[in-house]
Amino acid sequence: FLGGLLLLVALLWYSVSLRQQDETNFFESLVLRVTGPVQAGLNHVISSAADIWGHYLYLVDTAEDNRELIEENRTLRALLAKTDEIRLENERLRELLDFKETEAMETLPARVIAEDASSWFRTVTIDKGSDQGVVEGHPVVVAEGVVGRVVRSSPRFAKVLLITDASSAVASLLQKNRA
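Residues in the sequence shown are numbered consecutively from 149, following our numbering.
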């Protein structure tokens with residue numbers, strides 16, 4: 149405490165004497181030599197502390213911004229996944245519509261709701277039946293070609309025997325040589 153008080157008195161005396169003289173005396177030179185490095189050190193410490201505080205506040209704001217951006221990124225990724233699913237469904241439906249327009253027969257879109265669990269038969273159940281015009285013996289096709297034929301039909305559902313079943317047979321004609 150006493151050292152600080154002496155330093156303060158010396159600095160005050162020094163500043164008063166600066167106003168009265170044009171030349172630097174020995175005592176003023178000594179005070180400058182002693183207080184200069186101390187002032188430079190204090191200035192460095194204070195400016196460093198201010199920089200650290202400023203960076204801390206910046207990082208606090210950055211952390212909040214980062215949390216918001218992470219949440220926005222999650223939302224956008226979910227939206228992108230949903231958009232991809234819609235795009236793929238749209239492409240599939242467009243293919244079905246193009247197929248329907250090029251075929252002379254009337255088609256009815258249906259979804260597979262079940263597959264036969266046994267290893268003896270390769271059948272699937274679809275969500276359309278006799279109420280919608282599905283009749284036993286009708287072919288079941290997709291845009292790529294025949295997949296099977298209706299073997300059973302109820303008012304709302306139908307069972308389809310797939311062409312991959314060993315007991316399934318499909319007549320065909322090769323376009324190239326008509327054989």
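The beta-carbon is built from N, C-alpha and C at its ideal position, and this holds for glycine as well.
Note that the C-beta distance between R270 and L217 is not below 9 Å. Taking C-beta atoms as the reference points, D279 and R304 count as a pair closer than 9 Å. In the structure shown, E292 falls within a coil segment according to DSSP collapsed to helix, strand and coil.
DSSP lists R297 as the beta-bridge partner residues of P287. Around the beta carbon of I274, a 10 Å sphere encloses 16 or more other beta carbons of the protein chains shown; the residue is thus reported as buried.
Of the residues assessed, S195 falls on the exposed side of the cut-off, its CB having fewer than 16 other CB atoms within 10 angstroms. In this structure, the CA atom of A317 is about 54 Å from the CA atom of E220. Classified as exposed, A319 has fewer than 16 neighbouring CB atoms from the shown chains inside 10 Å of its CB. By the Cβ neighbour-count rule, S301 is buried, with 16 or more other Cβ atoms within 10 Å of its own.
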